[in-house]
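Colleague: Dropping a structure here in structure tokens format, bear with me for questions.
Encoded structure:
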């Protein structure tokens, strides 16, 4: 709850017309009838989907082009469509109840990893190699944004620690129509 309060306190609605046009175009392309609220917060470390009851997308201060922004938004909206935040909350509940069990920590790590790899695959499914490289560059760019708060307990983020990011980048570059991401 403190994480959500922290994020909400520093957020501001996106008012950039070009960014909103891009967002609404991605929502329409994905068949999302009611777009989620779109915010910016310079304190967050990476783009993220936040909130289970009132979900919204929080972006850091990104300096990316329209195509990269589309990829970021598509990734976050796929998390929303798949209800990944619900899975993360269920795992957090299991962690609270079974804090003493190391297996639950492994499950938590695997759920995080699987959610990210699955979303990456959905985003790059029909992309050529150059577009996949651009997506990988976008992941790296969002990982570099910094931000004072990088917690992921109540959110789904586009980037995370170096080892997972390296695995995601390798899977993106090695992707073939035979689901390379699910083998990664």
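Residue numbers (the working numbering): 556 to 739. Here a beta-carbon is modelled for each residue, glycine too, at the ideal position from N, C-alpha and C.
Which one or two residues does DSSP pair with residue 611 in a beta bridge?
Modeller: Locating residue 611 in the chain shown gives position 56, where the first residue counts as 1. According to DSSP, which records beta bridges pairwise, residue 611 is partnered with 605.
Colleague: So what does DSSP say about residue 665, is it helix, strand or coil?
Modeller: Taking the first residue of the chain shown as 1, we reach residue 665 at position 110. Reduced to three states, the DSSP call for residue 665 is helix.
Colleague: Look up residue 567 in the DSSP assignment and give the residues it is bridged to.
Modeller: For the purposes of this step, residue 567 is taken as residue 12 along the chain shown, with counting starting at 1. For residue 567, which the question treats as bridged, DSSP gives the partners 595.
Colleague: Quick test of your reading: residue 727 and residue 679, contact by CB under 8 angstroms. State the CB separation rounded to the nearest angstrom.
Modeller: Counted from its first residue, the chain shown places residue 727 at position 172. Counted from its first residue, the chain shown places residue 679 at position 124. 6 angstroms between Cβ atoms; contact.
Colleague: Quick one: what's got a C-beta closer than 7 angstroms to residue 591's C-beta in the same chain, skipping five residues either side?
Modeller: In the chain shown, counting from the first residue as 1, residue 591 sits at position 36. 610, 611, 612, 635.
Colleague: How do the segment 673-692 and the segment 572-583 stand: do at least 3 beta-carbon pairs fall below 8 angstroms, yes or no?
Modeller: No, the segment 673-692 does not touch the segment 572-583.
Colleague: Give the DSSP-derived three-state secondary structure of residue 680 in the structure shown.
Modeller: Stepping through the chain shown from its first residue, residue 680 is reached at position 125. The answer is coil: DSSP assigns residue 680 none of H, G, I, E or B.
Colleague: Which residue comes first and which comes last in the alpha helix (DSSP H) that contains residue 634?
Modeller: Position 79 of the chain shown, counted from the start, is the residue given in the question as residue 634. 621-636 is the extent of the alpha helix (DSSP H) around residue 634.
Colleague: Taking three-plus beta-carbon pairs below 8 angstroms as touching, is the segment 594-602 in contact with the segment 642-653?
Modeller: The segment 594-602, when compared against the segment 642-653, does not touch it at the 8 angstroms Cβ threshold.
Colleague: Could you give the distance in angstroms between the alpha-carbon of residue 608 and the alpha-carbon of residue 595?
Modeller: Your numbering for residue 608 matches position 53 in the chain shown. Your numbering for residue 595 matches position 40 in the chain shown. Each residue's alpha carbon lies about 19 angstroms from the other.
Colleague: When the Cα atoms are used, what is the spatial distance from residue 615 to residue 562?
Modeller: If you number the chain shown from 1, residue 615 lands on position 60. If you number the chain shown from 1, residue 562 lands on position 7. Roughly 11 angstroms separates the two Cα atoms.
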